[in-house]
Each structure stands twice: as C-alpha cells, then as structure tokens.
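Chemist: Just add 3 to wherever you are in the sequence shown, counting from 1, and you've got this note's numbering.
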Amino acid sequence: MTLRLPAADGGLRAYEPRTEPLTVSPGTPLTSRTVLSAAHVVADPLADVSPDAPAAVDWDATLAFRRHLWSHGLGVAEAMDTAQRGMGLDWAGAAELIRRSAAEARAVGGRVACGVGTDQLTTGTLAEIRAAYEEQLALVEEAGAQAILMASRALAAAAAGPEDYLEVYGHLLRQAAEPVVLHWLGPMFDPALEGYWGSADLDAATETFLEVVAAHPGKVDGVKISLLDAGREIALRRRLPRGVRCYTGDDFHYPELIAGDEQGFSHALLGIFDPLGPLAAEAVRVLDTGNTQGFRDLLDPTVELSRHLFQAPTRFYKTGVVLLAWLAGHQSHFTMVGGLQSARSLPHLARAYELADGLGLFPDPKLAEERMRNLLALYGVNQ
Numbered sequence: 004m005t006l007r008l009p010a011a012d013g014g015l016r017a018y019e020p021r022t023e024p025l026t027v028s029p030g031t032p033l034t035s036r037t038v039l040s041a042a043h044v045v046a047d048p049l050a051d052v053s054p055d056a057p058a059a060v061d062w063d064a065t066l067a068f069r070r071h072l073w074s075h076g077l078g079v080a081e082a083m084d085t086a087q088r089g090m091g092l093d094w095a096g097a098a099e100l101i102r103r104s105a106a107e108a109r110a111v112g113g114r115v116a117c118g119v120g121t122d123q124l125t126t127g128t129l130a131e132i133r134a135a136y137e138e139q140l141a142l143v144e145e146a147g148a149q150a151i152l153m154a155s156r157a158l159a160a161a162a163a164g165p166e167d168y169l170e171v172y173g174h175l176l177r178q179a180a181e182p183v184v185l186h187w188l189g190p191m192f193d194p195a196l197e198g199y200w201g202s203a204d205l206d207a208a209t210e211t212f213l214e215v216v217a218a219h220p221g222k223v224d225g226v227k228i229s230l231l232d233a234g235r236e237i238a239l240r241r242r243l244p245r246g247v248r249c250y251t252g253d254d255f256h257y258p259e260l261i262a263g264d265e266q267g268f269s270h271a272l273l274g275i276f277d278p279l280g281p282l283a284a285e286a287v288r289v290l291d292t293g294n295t296q297g298f299r300d301l302l303d304p305t306v307e308l309s310r311h312l313f314q315a316p317t318r319f320y321k322t323g324v325v326l327l328a329w330l331a332g333h334q335s336h337f338t339m340v341g342g343l344q345s346a347r348s349l350p351h352l353a354r355a356y357e358l359a360d361g362l363g364l365f366p367d368p369k370l371a372e373e374r375m376r377n378l379l380a381l382y383g384v385n386q
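1. With the cut-off set at 9 angstroms, would you say G76 and P24 are in Cβ contact?
2. Which residues mark the beginning and the end of the alpha helix (DSSP H) in which Y356 is found?
3. Using only the alpha-carbon positions, how far apart do L140 and I275 sit?
4. Just list the alpha helix (DSSP H) runs in the region 269-295, keeping only unbroken ones of 4 residues or longer that don't cross its boundaries, in chain order.
5. If the criterion is Cβ atoms closer than 9 angstroms, does the pair H43 and K321 meet it?
6. Does the separation of the CB atoms of F313 and R347 fall below 9 angstroms?
7. Quick one, are the C-beta atoms of L142 and L175 less than 9 angstroms apart?
8. Over the uninterrupted beta strand (DSSP E) stretch that includes V79, give me the two end residues.
9. Looking only at its own chain, which residues have a Cβ that is under 6 angstroms from the Cβ of P190, when we skip the five neighbours before and after it?
10. Just to confirm before moving on: does the CB-CB distance between D277 and A328 stay below 9 angstroms?
11. With a floor of 4 residues, list each alpha helix (DSSP H) that falls wholly inside the region 156-191, ordered by position along the chain.
12. Only counting the same chain, and skipping five residues up and downstream in sequence, which positions put a Cβ closer than 7 angstroms to that of A286?
13. Taking the alpha carbon of A82 as the reference point, which residue from Q149, V223 and P366 has its own alpha carbon closest?
14. Considering only the beta carbon of each residue, do P258 and P220 sit closer than 9 angstroms?
15. Using C-beta distances below 7 angstroms, list every residue in its chain close to E307, excluding the 5 sequence neighbours before and after it, in chain order.
16. What does the alpha-carbon distance come out to for the pair T457 and D84?
17. Let's test the definition: count the other Cβ atoms within 10 Å of the Cβ of E145 and tell me whether it reaches 16, buried, or not, exposed.
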C-alpha cells in the first residue's frame with residue numbers, strides 16, 4: 004500500500020514501500036579489513052525517568068543487537084558517541100555497558116573495543132583529567148576489551164596548548180597494557196571539542212596528533228579519524244608509522260576510504276555500520292576476494308542514506324540510527340535515552356525510512372511499513 008510521506012514543500016507525497024528485503028546471510032570472517040560498528044543503546048521505554056536523569060537501558064535488547072552485529076563478522080565499538088555517550092548515557096551507564104558487552108563478547112567470541120574518556124568530569128585540572136582517563140582505562144582493561152582513547156571535553160576546556168595534550172596522552176599510553184585506538188572526533192560531532200589537539204587550525208592539530216602517535220607507536224593499534232574530510236584522512240594515514248592502522252570514522256566517504264588506493268587504505272570504525280551492519284559485512288567479504296568494484300557497487304548506494312542521517316547538526320545522527328533499528332525489528336519501540344528521539348523532524352525521519360527501505364535494509368519490509376504508519380499517525384499524518 005502507498006504511504007503518504009512529508010514532502011519538502013510542507014505537503015505530502017506518495018511513496019510505494021519495497022516488498023522484498025535485500026537478503027544477506029552471515030558468512031566467513033572478514034580478512035582484508037578490520038571493521039568495527041559503533042553500536043547504539045536501547046532505552047527502557049517503561050522506565051519513569053526524565054531526560055536529564057541517569058539512562059534507563061534495556062540490557063537484553065541492547066546486548067541482542069550486539070550479537071546481531073557479531074553474527075555478521077563485525078566487531079563492536081562500545082560506549083562511543085553512537086551509544087549516546089555524553090548525550091544521555093553518563094559514565095555510570097557506560098561502565099555498566101562496557102562490563103556487560105565485554106562479557107557477552109567473550110561468551111560468543113566477538114570482538115569489542117570500548118571508549119575511554121573523562122565523562123566523570125565536566126571540568127577539571129590536568130591531574131584530575133588524567134585520573135579520570137586512568138579510571139576508565141583500568142575498567143576497560145579489566146573487562147578484557149581493547150581501549151579506544153576518546154577525545155575529552157574536559158581536556159579541550161583545560162588544555163593551554165599542544166603540550167598539554169602531549170603530556171596527558173603520553174602518560175596514558177605509557178601505562179596502557181595493550182595497544183589502543185586514538186580517536187579524533189571533530190567538532191561537527193561534538194562542538195565542545197573545537198580546537199582539539201591544541202589548535203583550531205587542523206594542519207597544526209594534525210602535527211600534534213601525529214607527534215603523539217610517533218612517540219608511542221608500539222602502544223597505538225590505530226587512529227580513528229572523524230573529521231568528514233576524506234583528503235585530510237588520506238594525507239594523515241600516509242604519515243602513520245608502519246603497523247599503525249587508520250580506522251575511518253568518515254560517514255560521508257567511507258566506501259572510497261575503505262577501498263583505498265595504491266598507497267594504502269583505511270579500516271573502519273563507523274556509526275553508519277550500525278544500521279548497515281549485514282550489508283557492510285557482505286561488501287567487505289567481496290573486497291576480501293580482491294573485487295574492489297563489487298565492494299563499491301554494494302556500498303556506494305548507501306552513502307546517500309549516511310549523509311542524510313549525519314547531516315548537520317551531525318551529533319543528532321543517533322536519532323536516525325535508532326529509528327532504523329526500530330523499523331528493522333531490532334527493538335520494540337522508538338524511544339531513546341535522554342528523550343533524543345525528538346531531536347530530528349518528521350520529514351527527516353521519513354526520508355531516512357525511504358532511503359533505508361530503498362536499499363532493502365529492513366528484514367521485514369511489511370513490519371517497517373506498519374511501524375512507519377504508526378509514527379506518521381502519531382504526528383497527525385493519517386493515511
């Protein structure tokens with residue numbers, strides 16, 4: 004049946020939903036690229052909480068979604084910004100998520116890497132920031148997971164210049180038990196991170212970032228770059244020490260960056276691989292055979308959806324990610340911690356549905372259509 008979806012002119016337009024999904028089954032392990040999906044959390048819709056209260060999480064549904072990603076051969080990047088870290092999920096909730104996810108990974112043989120930050124603090128001295136990082140690093144290592152050193156809002160506010168970043172990160176890398184991933188999250192994802200690495204000039208910031216890596220190459224498994232600038236990422240990855248991976252966090256240019264060129268390629272740690280998980284894994288399996296064009300043929304058509312979900316204000320991309328998880332049947336409701344389901348407009352959500360449906364991402368297109376009808380009706384759009 005035809006759906007009436009919001010149009011750009013403020014009216015309604017007809018859309019004919021897809022009737023058959025794109026069938027993708029779990030397959031062989033991925034070999035040519037290391038691929039991590041940053042995964043969302045599922046809120047408890049029955050919890051009586053306010054938007055600024057500690058998050059109420061549906062742990063069963065949250066862990067079930069991680070098992071879904073692992074079943075397709077993807078790793079999980081846990082307690083990152085996709086999990087609403089710092090946007091509804093506080094450190095106490097993140098700590099519980101890390102413990103549970105790491106235990107589940109051990110049980111099923113999945114890979115998990117977890118975010119280490121300083122969100123116990125809002126502000127602090129450099130010593131307090133180091134201590135906050137150390138507390139989180141210890142928890143992740145005790146859980147048996149790989150650590151991802153995330154950018155710190157507190158450090159961005161406290162640092163006087165590049166030397167403070169060099170000191171804090173050097174201190175942490177020296178004591179890390181295993182190689183970590185360094186995460187450079189741009190201000191489009193979090194405005195509080197403007198000027199990270201000691202300068203708003205990205206060229207100067209890049210030099211400081213690379214100086215951290217060069218001083219501790221044995222403690223850096225890789226770097227995750229989330230600047231939405233393919234040219235800058237390529238230039239940076241070509242300067243990494245041998246053995247240090249570049250994990251793309253560019254949700255606008257990921258097919259070309261993962262495919263690479265004659266001088267190298269990027270691995271992946273991406274929020275868009277939450278809704279794209281099975282399709283992304285299938286594309287990488289094609290790439291594993293040496294078929295770059297086949298990889299691009301599968302993944303290039305997904306970029307329009309990704310660019311839509313991550314459009315400015317980019318930090319609200321999580322709303323579209325959770326919408327698609329609900330429509331795909333991975334959770335029973337469209338509710339988010341912190342009430343963030345309200346962060347995108349109905350036209351935005353409707354376009355996300357249309358693009359995802361066109362790609363065949365919904366295992367049960369009829370269920371997705373019914374749920375979209377219910378959402379439209381909630382907003383007063385009767386069919």
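Just so it is clear, CB atoms sit at the ideal spot from N, CA and C, and this is done for glycine as well. The model shown is predicted, which means the values in this text are computed figures rather than measured ones.
Modeler: In short:
1. no
2. Unbroken alpha helix (DSSP H) run through Y356: L349 to L362.
3. 26 angstroms
4. 280-291
5. yes
6. No. Outside cutoff.
7. no
8. G78 to E81
9. Around P190: L196 and E197.
10. Here D277 is near A328, since their CB atoms are less than 9 angstroms apart.
11. 156-161 and 165-178
12. Within its own chain, the residues whose Cβ lies closer than 7 angstroms to the Cβ of A286, once the five positions on either side in sequence are excluded, are F298, L301 and L302, listed in chain order.
13. Per the Cα distances, Q149.
14. no
15. L358.
16. This structure gives no information on residue 457, because the portion of the chain shown stretches from 4 to 386.
17. exposed
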